[in-house]
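Novice: For what it's worth, the numbering used here labels the leading residue of the sequence shown as 13, then goes sequentially. Don't be surprised by glycine CBs; every beta carbon is placed ideally from N, CA and C. All figures in this text were calculated on a predicted structure; none of them were measured in a lab.
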Amino acid sequence: MDEEFLARAFGFAPAGQPCGDPNLSMLRFGRARPALETAMADATNLPPHDLGYLRHRQVIGTLGISLPWVLLIAGTAGGVAQQPTLSHYFHTSVGNWFVGILWALGSFLALYRGYGRVDQKLSLAAGVLAIGVAQFPNDAQGHSTWTGWVHVACAALFFAALFWMCLCEFTQGDETRGRKAARNGVYRGCAWVIFTAVLAIPVVKHLAQMGSVETHAVFWLETIAVTDFGAAFLVKGEWILADAGAGGGSH
C-alpha cells in the first residue's frame, strides 16, 4: 500500500510531512484498524485470476517447457552428449541446471494457489514431488538403488498430479464464457498427451534396452510430457487463448 493511500484512508501523514496532533493520529488509527486489517486480509487472498497469479502460472509454464531444451542446448554447448533421459543430465556438467530448474519449478508449484483446495493441494504435492525428483537422483549406471526408486516414484506421482490438474481442475468453470471451451480443449488434450507419454515410457525404455528403438526415445517422451504440462500452464496464465477484455479473469 502506498503512503498517500494510507494518509487519505486512515489519517496518516506521508513520509516527510508532519503528523499533526499525535493523539488525533492514534485515534484515527484505532478507528481505522479494523478496515486496515480487512484490507490486509484481502491483499493476502487475491483471486486466482489476479494479474500476479497469471504471471505465476506463466512462470511455471515457461520453466516446464524450458527444462529439456536448456539441458539439451547447455549440454551440447558443453560437450555433453544427449542423455537417454532428462534425469541422466544430473550426472553431467549441466546437472546444476537440472536441479536448479526443478527446484524453481517445484517452488512455484508449491506456492501456486488455484481455485479450490484440491487444486492447491495437487499443486503443492506436484511442487514437493518435483523437488524430490531433483533431490533423489537415479543411478548413473542404471543400477537399482533406494534413491533411484524414490526418484521414479516422485516423477510418476508428479506427472499423475499434473494430469489430474489439467484434466479435472483447470477445466472447471463455465464453458459458454469467452474462449473457455477452447482452453478446456487444450487442457484435456495436454492431460491425455501427458498420460500417454508417461505410460509409454517404461515400454519404450524396455525396447531401448533391447535395441528395438532409439536410445533417446525416453528423453523425447519426457520432453513431450513436460512441454504439454508447460503449455497448459501458459494457457492457464492467459498467455494464449485469453478472453478479449477479460482483464485477467478467464479460468
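1. Near L246, which residues of its chain fall below 8 Å by C-beta distance, leaving aside the five closest residues on each side in sequence?
2. Return helix, strand or coil for M222, following the three-state DSSP convention.
3. Whose C-beta lies closer than 7 Å to the C-beta of L121 among residues of the same chain, with five residues either side of it excluded?
4. Which residue marks the beginning of the alpha helix (DSSP H) containing L179, and which one marks its end?
5. According to DSSP, is I252 helix, strand or coil?
6. Quick check on L246: does DSSP put it in helix, strand or coil?
7. Quick check: the Cα distance between A244 and L117, rounded to an integer number of angstroms?
8. Is DSSP giving D186 helix, strand or coil here?
9. Rounded to whole angstroms, what's the CA-CA distance from D255 to Y65? Just pull it up for me.
10. Determine the direct distance from the alpha carbon of V111 to that of F102, and round the result to whole angstroms.
Specialist: If we stick to the structure as given:
1. R69, Q70, G73, T74, I77 and I252
2. coil
3. I72, S135, A138, G139 and A142
4. Segment: none, L179 is in no alpha helix (DSSP H) and carries neither H nor E.
5. In the displayed model, I252 falls within coil according to three-state DSSP, outside both helix and strand.
6. helix
7. 14 Å
8. coil
9. 16 Å
10. F102 and V111 have their C-alpha atoms roughly 7 Å apart.
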